[in-house]
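Visitor:
Numbering (our numbering), first residue to last: 20 to 204.
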């Protein structure tokens, strides 16, 4: 059995390996044309393109579990607060840890200062993104809904109807329905 006491660099390495393993799986499903991935769930096999489902089901054992648990918690929190973005959270976390890897090896590295700098960069990026944003018209909503629904026109139409019905500050929740068809409430 490995020694449970590890130094800073060993802990960093173990944590990041777990995060990167989850990111490798989730990255295969990312984007409007993401592929399908199979994962074991409760003794059966789940085939999905849903990065959120993959993140929730990622059960890495041993030394990889710390990083997997960390990134899973962050992704679930994102989903709870925003309703989407789990795959993006996993992939950004992995990329950030990869970029910070060189710093973690340096004994003079100040993680608190790095967090300050990341927050400053976040504020700048958010401001820039907001300045570039445009209002979504029905045509662009249709295009996004078609990609998100894997080119299913009926689902895309219902999603656009729901988005337009709730308006700019509203929220649309898609969930399984007992019965047939698509229901909008």
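Just so it is clear, CB atoms sit at the ideal spot from N, CA and C, and this is done for glycine as well.
#1: Can you pull the DSSP bridge partners for residue 57?
#2: Can you tell me the Cβ-Cβ gap for residue 86 and residue 68, rounded? I've got them flagged as a contact below 8 Å.
#3: For residue 141 and residue 159, what's the separation of their Cα atoms in angstroms?
#4: With DSSP run on the structure shown, which of helix, strand or coil describes residue 146?
#5: With respect to the alpha helix (DSSP H) encompassing residue 128, which residues constitute its N-terminal and C-terminal limits?
#6: Under DSSP, the alpha helix (DSSP H) around residue 39 begins and ends at which residues?
#7: When you compare the segment 159–168 with the segment 121–138, are there three or more beta-carbon pairs, one atom per stretch, that lie closer than 8 Å?
Guide: Checking against the coordinates, here is how it stands:
#1: 66
#2: Incorrect: roughly 23 Å between the Cβ atoms, too far for contact.
#3: 27 Å
#4: helix
#5: Unbroken run through residue 128: none, as it is neither H nor E.
#6: 27–46
#7: no
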